[in-house]
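Working notes for the structure below.
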Amino acid sequence: MRMFATIAKLLVKRVLTAIPILLLVSALLFCILRILPVDPAAMSLPPNATVQEIEAMRTEMGLNLPLYQQYGIWLNKLFHGDIGRSIHFRQNVTSLIGSTLPATIELAVIAMMVATVFGLAGGLFLFYVRGTRAEAVMDFVSILLLSLPEFLWSLFLLLIFGVFFEVLPFTGRLSPGFERPLVTGFLLLDSLITGNIPTFLNALQHMILPCLALGIALSPSLMRVLRSSLLDAYQDDYIQQARLRGLSEKRILIRHGLKNAILPTLSLMGVQFGFLFGGTLLVEIIYSYPGMGNLMVDAIRNADLPIIQGAGLTYCVAVLVISIVVDSLYLILNPKLRVR
Amino acid sequence: MTFEIDRRNLLQMLGLAAVSGSVLSQASFAFAQGTDSVTIGWPSDVPSWDPNLRFVPDAQPLFKMVFDQPLDQSPDLKLIGNLITKWELKPDGLSMPFEIRSDVKFHNGDPMTMEDFKYTFVDRIKSGLKLDIANSWRTLTDIEILSPTSGVMKFSAPTPTAPQWLAFLGSYLVPKKYIESVGPEEFAKKPVGTGPYKLVDYQMNSRIVLERNDAYFGTKPKIKRVTIDIIKDPSARTAAIQSGQVDLTVNIPVREAERLGKTEGLTAEINPFTRLILLQMRNDKGFTDMAVRLAAHHAIDKAALSKAFYGGAAVPLSVPATPGTPGYLPDYKFAYDPELSKKLLADAGYTADKPATFTLAATNGQFPSDFDIARALVQMWQKVGLKVELQQIEYSKYFELNRGGQLPEATLYSFDNATGDPEIFSGYLMNPKMPFGAWKGPEIGDKILKLFVEPVYEKRIAGYKAVAQEAVETGANIPILQSVQTLVRKKSLNYVKYGNAWVLGSTMSWS
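Order-wise, the sequence lines are chains A and B.
Position one of the first sequence corresponds to residue 1 (my numbering), numbered consecutively onward.
Position one of the second sequence corresponds to residue 341 (my numbering), numbered consecutively onward.
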């Protein structure tokens with residue numbers, strides 16, 4: 001009961017803190033994008049528009065007003081759920097983000113799961129082989145994995161499994177001919193809700209390569225942090241006492257060592273998930289994955305400021321939500337924090 | 341402490357492997373395709389399924405499969421009838437009577453009428469919707485309906501390229517009745533055209549699925565289902581054609597196209613098309629002196645650039661028009677002559693101690709090898725004694741800088757003109773009132789402005805030829821190369837090659 005009360009208190013506190021953060025981020029985003037030497041009015045018209053037409057559009061878009069007034073108008077619309085209208089797509093930004101966000105969330109969550117599995121397994125293995133020759137080899141492997149960015153992993157995996165072995169698809173979310181159920185926008189979830197198992201399996205296949213690319217790139221840092229945390233934990237007395245009590249090494253590791261060592265890894269996972277959420281751009285482009293990263297690349301290429309602003313705010317909200325979830329998990333896993 | 345694999349661990353691992361294997365084993369159907377369908381790997385998506393909304397050259401082949409244009413172009417770019425069967429621009433260029441087909445139906449079964457024409461080109465624009473076609477049809481005041489199949493387009497000023505614009509960017513016929521009943525937003529979600537294919541599934545930035553329109557008025561497509569995979573990354577497009585996930589793709593690196601052309605079952609082409617690679621020139625700053633501009637032009641080895649970056653397939657140009665288009669001058673050649681460059685600079689008083697200097701702006705990734713070409717240009721200029729600073733700019737910044745008069749002396753630029761008409765080459769590039777070119781000199785500008793309202797076709801074309809040559813000879817424009825499209829396809833897949841790089845599923849067939 002006390003745990004839930006503490007978590008609820010934390011949630012309220014974090015939500016209240018999030019409001020000024022969001023306001024500050026929105027103001028920064030707005031100002032930075034307005035300072036950029038691109039003209040949204042000109043970009044919203046075809047290249048053969050006259051100077052007069054561009055000026056008229058500038059007035060219509062309110063770009064001739066002082067910056068603080070423009071921000072005020074934008075903020076007012078934001079509070080009414082209107083992020084703006086895309087310059088390039090001429091569609092509501094909210095609906096564009098709404099239609100692409102689930103794909104990116106699905107990608108980021110599964111990639112994080114891959115990173116967690118590889119990171120935890122690798123960390124445990126690194127710990128197991130400490131002091132042996134295998135440790136040096138594993139160290140080398142983890143540094144190698146760490147030094148390759150996700151887009152190189154994307155190309156590498158695509159060439160191996162897509163071109164060389166031809167066992168996995170690497171374009172889009174589904175192969176041609178598969179029905180695309182539309183319930184929540186989360187394809188895996190929707191195909192399960194509608195009982196469409198072939199679509200589910202096909203969608204899962206399409207996610208293997210992008211998720212592996214993202215997950216493998218994130219896992220080495222998790223491995224290394226977990227290994228260090230375990231080494232620290234094993235210096236504590238309770239491990240020695242557990243051994244004296246005759247517990248098996250496996251039980252000591254899982255029940256005592258890992259439980260205490262996981263907290264720093266969890267923090268890192270929270271930070272990484274935030275980065276991952278905003279860092280899927282290149283992977284989405286390489287795998288033709290129709291998520292928010294792909295939309296963002298279009299927006300940057302076309303100087304579509306309303307989308308860039310909307311996506312920037314969405315990333316900010318996502319990072320805040322992730323940090324709240326991680327803090328809550330911290331409270332659940334670490335009783336000492338609840339006492340404080 | 342030892343790491344042991346016990347029976348339980350082993351069983352767990354086997355279970356995991358079995359699940360993974362069952363998922364992977366389903367992979368084969370990802371590559372399946374029949375002779376009644378084709379999958380195309382295309383580099384960009386449509387901005388919206390409302391075809392009047394935005395001008396995006398690479399999206400035109402996608403629109404052309406779902407919608408029809410009033411006029412069409414043959415593979416050699418001649419204007420041909422389509423929804424409009426007869427048209428005649430009056431000698432004053434102020435009106436154009438036309439006749440339409442009576443047997444055309446939209447995908448929802450509604451017949452195409454003159455009302456749809458008036459709605460698309462007049463009423464929709466006047467309704468205040470932000471449509472890009474409003475800018476191409478700003479002189480169109482009305483379409484007078486004379487009968488169910490005939491009408492007259494009326495212009496406020498002579499509009500000599502009205503027929504060309506009826507087959508160009510954004511000029512697609514849309515259904516009045518349907519749009520008025522569902523609204524423009526819903527129309528963009530579920531588009532209805534008259535084209536050879538119907539849109540059956542669309543996922544933005546990922547896939548377009550089209551199915552043959554069996555009630556199509558024109559030649560029925562041989563392929564029933566066309567799937568277009570939007571693959572923006574050139575490496576992924578290369579991998580997709582190599583692995584057989586797509587049957588045809590375009591715009592992959594030249595070297596990759598040449599490599600894939602040697603692969604069994606594939607064939608590759610490097611096709612020049614109606615896109616120019618040129619240098620936009622200023623008439624002031626470091627380029628005030630004509631001698632410097634001409635020296636810069638004579639120093640460019642265009643054939644070497646073509647060989648280095650486009651496998652020699654990009655045609656070196658001497659005028660801002662592509663071969664085979666009306667404004668091209670096949671017998672005119674601007675010489676590559678570095679010695680003449682040096683002489684021009686020496687005669688103008690420039691020496692090694694006091695070199696002519698200027699800045700070149702270029703995009704990086706806007707068109708294939710753009711920044712590499714810019715770097716090569718700087719080296720060529722250095723050899724003749726020109727001191728050049730290279731500046732990288734974003735494409736979206738080009739118009740902004742140009743409008744503010746902030747472009748440097750030279751800008752490497754790519755200009756697309758699917759019609760091939762010289763107004764949209766030399767005219768747009770040299771018109772001082774338009775945002776495409778940096779040259780604001782009145783001598784050429786005045787001539788161009790007169791040609792914009794010249795209704796007599798032959799006179800107009802002759803005028804553009806003369807002004808294009810003058811622009812090159814005065815250093816107002818430096819055309820470099822005709823751009824190329826790389827295309828790789830399965831050998832058994834046939835398609836019709838268009839001079840403007842359209843790749844249409846409706847022209848494809850399997851052999």
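Heads up, the beta-carbon is just placed ideally off N, CA and C, and yes, glycines get one too.
Closest by C-alpha distance to Arg-743 (chain B), out of A:Ile-54, A:Ile-285, A:Arg-255 and A:Val-271, is A:Ile-54. For the segment 616 to 647 of chain B, no residue has a beta-carbon sitting nearer than 9 Å to a beta-carbon of chain A. Counting along the chain, Trp-382 (chain B) sits inside the beta strand (DSSP E) bounded by residues 377 to 382.
Across the set A:Leu-295, A:Phe-140 and A:Leu-320, the C-alpha of A:Leu-295 shows the shortest separation from the C-alpha of Pro-102 (chain A).
It is roughly 10 Å from the alpha-carbon of Lys-336 (chain A) to the alpha-carbon of Tyr-330 (chain A). Excluding the 5 residues flanking it on each side, Gln-205 (chain A) has same chain C-beta neighbours closer than 7 Å at Leu-168 and Pro-169, in chain order.
Between the alpha carbons of Lys-13 (chain A) and Ser-583 (chain B) lies a gap of roughly 53 Å.
Nearest C-alpha to Gln-620 (chain B) among B:Asp-693, B:Pro-531, B:Tyr-738 and B:Ile-440: B:Tyr-738.
Membership of Asn-76 (chain A) in the alpha helix (DSSP H) is indicated by the continuous run 67 to 79. The C-alpha of Pro-437 (chain B) is placed about 48 Å away from the C-alpha of Met-292 (chain A).
Sequence-ordered contacts of the segment 505 to 528 of chain B with chain A read Leu-509, Gly-510, Glu-525 and Ala-528 [C-beta pairs closer than 9 Å]. Contact check for Ala-528 (chain B) and Trp-389 (chain B): beta-carbon distance about 5 Å, within the 8 Å limit, so the pair qualifies. Residues of the segment 392 to 412 of chain B with a Cβ closer than 8 Å to any Cβ of chain A, in chain order: Leu-393, Arg-394 and Phe-395. Between Thr-199 (chain A) and Arg-180 (chain A), the alpha-carbon positions lie close to 7 Å from each other. Under the DSSP assignment, Gln-706 (chain B) falls outside any beta strand (DSSP E); it carries neither an H nor an E label.
When CB distances to chain B are screened at a threshold of 9 Å, the residues of the segment 274 to 289 of chain A falling below it are Leu-282, Glu-284, Ile-285, Ile-286, Tyr-287, Ser-288 and Tyr-289, in chain order. Between the alpha carbons of Lys-445 (chain B) and Pro-220 (chain A) lies a gap of roughly 60 Å. Going by DSSP, Leu-539 (chain B) is part of the beta strand (DSSP E) stretching over 537 to 543.
Under the criterion of beta carbons closer than 8 Å, Leu-821 (chain B) and Ala-608 (chain B) do not qualify as touching, at roughly 19 Å. Under a 10 Å Cβ-count criterion, Leu-16 (chain A) is classified as exposed, with fewer than 16 other Cβ atoms of the shown protein chains found around its own Cβ. In the DSSP assignment, Thr-759 (chain B) falls outside any alpha helix (DSSP H) and carries neither an H nor an E. With the criterion set as a beta carbon lying under 8 Å from some beta carbon of chain B, the members of the segment 30 to 61 of chain A are Pro-37, Val-38, Asp-39, Ala-42, Met-43, Ser-44, Leu-45, Pro-46, Pro-47, Asn-48, Ala-49, Thr-50, Val-51, Glu-53 and Ile-54, in sequence order.
Arg-301 (chain A) and Ser-736 (chain B) have their C-alpha atoms roughly 7 Å apart. Taking a 10 Å sphere around the C-beta of Phe-164 (chain A), we find fewer than 16 other C-beta atoms and assign the residue as exposed. By the rule that beta-carbons nearer than 8 Å mark a contact, Thr-567 (chain B) touches chain A. Under the Cβ criterion (8 Å, minimum of three pairs), the segment 678 to 685 of chain B counts as touching the segment 718 to 726 of chain B. Any Cβ of chain A closer than 8 Å to the Cβ of Asn-475 (chain B) would place that residue at the interface, and such an atom is present. The continuous stretches of alpha helix (DSSP H) do not include Asp-693 (chain B), and DSSP gives it neither H nor E. Here the segment 264 to 274 of chain A makes contact with the segment 105 to 125 of chain A; the two share three or more CB pairs at distances below 8 Å. Not a single C-beta of chain A is nearer than 8 Å to the C-beta of Ser-487 (chain B). Looking at the backbone, the Cα of Ala-318 (chain A) and that of Ile-19 (chain A) are separated by about 13 Å. For Asp-569 (chain B), the enclosing beta strand (DSSP E) covers residues 565 to 570. Rounded to the nearest angstrom, the gap between the Cα atoms of Leu-33 (chain A) and Val-297 (chain A) is 15 Å. With respect to Arg-227 (chain A), Phe-127 (chain A) sits close: the two C-beta atoms are nearer than 8 Å. Taking 7 Å as the upper bound on Cβ-Cβ separation, chain B lies near no residue of the segment 208 to 235 of chain A. Within the segment 764 to 795 of chain B, Tyr-768, Lys-773, Met-774, Pro-775 and Phe-776 place their CB atoms closer than 8 Å to a CB of chain A, listed in sequence order.
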